[in-house]
Amino acid sequence: MKPDVFISYSRENQKEVIKLVEYLREQGLGVWMDETDIHGATLWTKEIVEAIRACSLFILAISSHSTGSKNVVKELALASEREKIILPIYLEQCDIPETMEYQLAGIQNIAMYTLEKSKAYEFVHQTIRRLGVGQAQQDDQTLGQAEATPSAGHGTGVGHMSPPKAKVNNAKWIAIAAGVVVVVAGVFLTKGSGGAPALKAPATTSSPVAPVDGSIRIAVLPFENLSTDDNQTKWADLISQEIIGSLAPINGVTPIVWSSVNKYRGEQKDIDQITRDLNVQRILDGRVVAQGGQIEVSFNLTDTQTKSFIWNHKESGMQNDFFKLRDAIVAKITSTLKPNEAPQSTTTSVPTENIEAYKLYRKARDLWGTRGEAEMKQSIKLYKQAIEMDPNFVEAYCGLGDAYAMMIPYDYVPSDQVRATTQLAEDAFFKAIKINPKYSGAYPAMGWLETMVKHRHDKALEHFDEALKHNPSNVQALMWKAITCRAIKRSKEAIQSSSRAIKLDPNNHVAYMLLCWDYASDFQYEYAEKAAKKSVSLKPDYGMGQNALFNALAMQENKKEELTKHIESLESLSNKDWSIEQTIFIYHYYFGTKESFRKAADYMKKKAELSNYELKGFPLYFFCTGEKELGYTYLEEGVKNGGIPLMGNHRFSIEWSVIKDDDRYKALYGDNY
Numbered sequence: 014m015k016p017d018v019f020i021s022y023s024r025e026n027q028k029e030v031i032k033l034v035e036y037l038r039e040q041g042l043g044v045w046m047d048e049t050d051i052h053g054a055t056l057w058t059k060e061i062v063e064a065i066r067a068c069s070l071f072i073l074a075i076s077s078h079s080t081g082s083k084n085v086v087k088e089l090a091l092a093s094e095r096e097k098i099i100l101p102i103y104l105e106q107c108d109i110p111e112t113m114e115y116q117l118a119g120i121q122n123i124a125m126y127t128l129e130k131s132k133a134y135e136f137v138h139q140t141i142r143r144l145g146v147g148q149a150q151q152d153d154q155t156l157g158q159a160e161a162t163p164s165a166g167h168g169t170g171v172g173h174m175s176p177p178k179a180k181v182n183n184a185k186w187i188a189i190a191a192g193v194v195v196v197v198a199g200v201f202l203t204k205g206s207g208g209a210p211a212l213k214a215p216a217t218t219s220s221p222v223a224p225v226d227g228s229i230r231i232a233v234l235p236f237e238n239l240s241t242d243d244n245q246t247k248w249a250d251l252i253s254q255e256i257i258g259s260l261a262p263i264n265g266v267t268p269i270v271w272s273s274v275n276k277y278r279g280e281q282k283d284i285d286q287i288t289r290d291l292n293v294q295r296i297l298d299g300r301v302v303a304q305g306g307q308i309e310v311s312f313n314l315t316d317t318q319t320k321s322f323i324w325n326h327k328e329s330g331m332q333n334d335f336f337k338l339r340d341a342i343v344a345k346i347t348s349t350l351k352p353n354e355a356p357q358s359t360t361t362s363v364p365t366e367n368i369e370a371y372k373l374y375r376k377a378r379d380l381w382g383t384r385g386e387a388e389m390k391q392s393i394k395l396y397k398q399a400i401e402m403d404p405n406f407v408e409a410y411c412g413l414g415d416a417y418a419m420m421i422p423y424d425y426v427p428s429d430q431v432r433a434t435t436q437l438a439e440d441a442f443f444k445a446i447k448i449n450p451k452y453s454g455a456y457p458a459m460g461w462l463e464t465m466v467k468h469r470h471d472k473a474l475e476h477f478d479e480a481l482k483h484n485p486s487n488v489q490a491l492m493w494k495a496i497t498c499r500a501i502k503r504s505k506e507a508i509q510s511s512s513r514a515i516k517l518d519p520n521n522h523v524a525y526m527l528l529c530w531d532y533a534s535d536f537q538y539e540y541a542e543k544a545a546k547k548s549v550s551l552k553p554d555y556g557m558g559q560n561a562l563f564n565a566l567a568m569q570e571n572k573k574e575e576l577t578k579h580i581e582s583l584e585s586l587s588n589k590d591w592s593i594e595q596t597i598f599i600y601h602y603y604f605g606t607k608e609s610f611r612k613a614a615d616y617m618k619k620k621a622e623l624s625n626y627e628l629k630g631f632p633l634y635f636f637c638t639g640e641k642e643l644g645y646t647y648l649e650e651g652v653k654n655g656g657i658p659l660m661g662n663h664r665f666s667i668e669w670s671v672i673k674d675d676d677r678y679k680a681l682y683g684d685n686y
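Using the numbering used here, the final residue of the sequence shown is 686, and nothing's skipped along the way.
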């Protein structure tokens, strides 16, 4: 039998809620409540989802306990998306948290704790009847008789609290005032009246700055997973990622890339903060339920300037038709963002028909993005598995090539295996291009290899430009193009390219690290310092970011004290990668004492021996310790086999000052010195 009412509550209020439920059941109402203490556990059962789907009315028992319950928040979100009538009942006076803002915006409610106990339950009962739930409605006099005198300080009507005010979605929001039920809508984040709970407006508001190119910037936040089966949890991320990828090639639309929006995962979402961080005009948020081979996606588009919903929408489909579902969602978005343009064919591209291969690919991409050695090596295994499932999976070939290519500059490949690893990367890219020569993702790492391994910068730029021709929002191409431009003394272009990457990916610590070096190459060390500090604030354990900050500080005469403190903070780290170890070593060579440098050199040598790290991949060690001939041997060998890139850092950083004036060093660069 379908329940008339579903009641959502916290276990701390169970005794009080049970009394209300028993009364309502005595009046002939079918009430579903979880009586298994489920909110004290981590499980969120299928029965709850089905009960919410079947009910006519959703009662939210509000207390300081329930507003902090993740399961209660989930239940409220699901009821909202199912367009259930929602009746909030305050068990006590408390504030509404951000996690419930949208669902409770503009709804009147029952402040049951203000009512006389003898009449409170009947007031709730008659309100439910008034909403057409359960048996036939009774006349107005009954509800009037049930009204009680409220406590002082609540002038919003008998037994009611002022509702939080906001633009509402398409759920059946209700208002209850002295027996009259009306539909209401208010203004987002305005202050409530009297002593009633109200959503707190942010201290400051921020309007997004429109991009110079006139495009609409949109943040597709990680969709919330409402699936009860642990095996279905990945669908939410997959849908978010695919929406971003499908919007990227569309002219006039600039989606923020996944690595930047991923930090806004979870229930607490601050529109103003996201707007400030990402400078977006639109935010897309959603919820996903996957079960029984089906996927249901509920999503809403928000205008960040007015902080109101533009619309709420729902799409559903079979899991094996995942990309068809994606296309329907993207079509809804683009019809709003670009109403006068026909949908572009890029939004209907299907990377693979094998959804399991696609899952492996996405997992591999996440691992690759960490830049950790173990993670990169594991990503290679997953890419290969995906390719075995679908030999025509272009993205998987590109991912495999990216992983091989990125292993080289991070010193995850022995020097005698650099050429072989380069060949593996190129083989993967050539296979991808053969399948789809217009796929933008196939070109950036080819350009990377041309710059970093083969030192053919002009050829590298051709690959980057080809990638950007097919997708102007390809962040990887923009970042690696910046590296190449910097290497050939085109600093202004490098700065522009890195800056463009950051606009697309505002939380990318690597992009800020590159921007630091780009500014340094233009001798703008103050800006370089700011970029480096942003990089390490985003990822403090990122060694290359810490090294970039060291160089930016070292090149400024008035920053010596801050430089010393920076190194001291690095030395205190318990887990230091090789970029950090090299930074500390270089500092002691240029700024330390003879004794501190000797200790740093001994420490690095011993650590290299213990960890099988090849010091010949860091020839500066030998130049600084006085083994100049050995240093040149390793440097020239590294340049020849592609293990050491020629990036021109001697022009704008302190590290290569030890040999930068040597003719032998200049000969490595030739005209590009």
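Don't be surprised by glycine CBs; every beta carbon is placed ideally from N, CA and C.
Tell me whether residue i sits in a helix, a strand or coil according to DSSP, three-state version.
i	result
I393	helix
Q254	helix
S329	strand
F631	coil
T349	helix
Y103	strand
P404	coil
V523	helix
P658	coil
T267	strand
A124	strand
N238	strand
E96	coil
G605	coil
E706	Past the boundaries of the shown model lies residue 706; the chain is included only from 14 to 686, so the question cannot be answered.
Are the CB atoms of residue j and residue i within a distance shorter than 8 Å?
i	j	result
S687	V85	Because residue 687 is not part of the residues shown, which for the chain are 14 to 686, the question remains open.
F477	P457	yes
L234	L297	yes
K687	K372	With the chain covering 14 to 686 only, the question about residue 687 has no answer from this structure.
G299	F236	yes
F406	I368	no
Y532	A541	yes
S273	N521	yes
V270	K351	no
V146	L70	yes
L462	T435	yes
T638	A613	no
S582	A561	no
R375	Q254	yes
Report the partner residues of residue i according to the DSSP bridge assignment.
i	result
L297	V233 and L314
V302	E309
W381	Answer is none; W381 lacks a bridge partner.
W45	F19
W324	L314
L73	S21 and P101
What's the gap between the Cα of residue i and the Cα of residue j?
i	j	result
I263	K327	23 Å
V62	P101	19 Å
V181	I667	Unreliable placement is indicated for V181, whose pLDDT of 36 sits below 50; no coordinate value is reported for it.
R677	S428	22 Å
E388	G43	52 Å
W591	G556	7 Å
P16	Y126	25 Å
L104	D316	34 Å
K620	Y626	8 Å
M113	N122	14 Å
R503	E594	30 Å
N588	S228	43 Å
K641	R432	26 Å
K130	A124	12 Å
Closer than 7 Å to a non-hydrogen atom of the ligand COA - does that hold for the CB of residue i?
i	result
T288	No copy of the ligand COA occurs in the structure displayed, which carries no ligand at all.
List the whole-angstrom C-beta distance separating residue i from residue j, where the pair is believed to meet the contact cut-off of C-beta under 8 Å.
i	j	result
G558	A545	6 Å
I308	Q286	Not confirmed; about 29 Å, so no contact.
A438	G414	5 Å
V488	A507	That pair is no contact at about 15 Å.
I65	L91	5 Å
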